[in-house]
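So the structure is just underneath, and the comments pick up after that.
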Amino acid sequence: MDNNCRLAQRRSAPLRVAAKRENRHLMIRPLTCPICEKPVPVEDDVGSRFLPFCSERCRQVDLLRWSTGKYAIVEQLPPEMLAEDLLDES
Numbered sequence: 001m002d003n004n005c006r007l008a009q010r011r012s013a014p015l016r017v018a019a020k021r022e023n024r025h026l027m028i029r030p031l032t033c034p035i036c037e038k039p040v041p042v043e044d045d046v047g048s049r050f051l052p053f054c055s056e057r058c059r060q061v062d063l064l065r066w067s068t069g070k071y072a073i074v075e076q077l078p079p080e081m082l083a084e085d086l087l088d089e090s
């Protein structure tokens with residue numbers, strides 16, 4: 001293969017990768033349970049009762065994880081909010 005062909009292949013490679021990325025975003029994935037990763041039935045009344053979970057069990061597992069501190073939302077607080085909290089405590 002001559003240098004011109006190699007150069008052309010290198011230039012077109014990013015275009016192929018970009019096209020693959022765009023196509024990947026167009027596909028619709030089925031909703032899965034965040035606990036057990038089983039598919040979540042959305043159409044029937046039973047499945048929609050527990051959304052985004054697949055069952056009452058997975059819903060309870062998630063609640064337990066939040067209540068025991070296994071999950072946490074970590075966010076940097078701005079100084080204004082810290083000052084408000086200190087004023088509220090006094």
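Take the sequence shown: its letter number 84 is residue 84 in the working numbering, and every next letter is one higher.
A virtual CB, placed ideally from N, CA and C, is assigned to each residue, including glycine.
Please read all numbers here as calculations on a predicted model, not as lab measurements.
Thinking C-alpha only, which one of the options is nearest residue i?
i   : options            : result
P34 : L86, E43, R57, E84 : R57
P78 : L86, Y71, A72      : L86
F53 : T32, E75, Q76      : T32
Take the Cβ of residue i as the centre, count every other Cβ of all protein chains shown within 10 Å, and call the residue buried at 16 or more, exposed below.
i   : result
C36 : exposed
V42 : exposed
V40 : buried
When DSSP builds the beta bridges, which residues end up paired with residue i?
i   : result
P39 : T32
Following the continuous alpha helix (DSSP H) through residue i, name the residue where it begins and the one where it ends.
i   : result
L64 : 56-67
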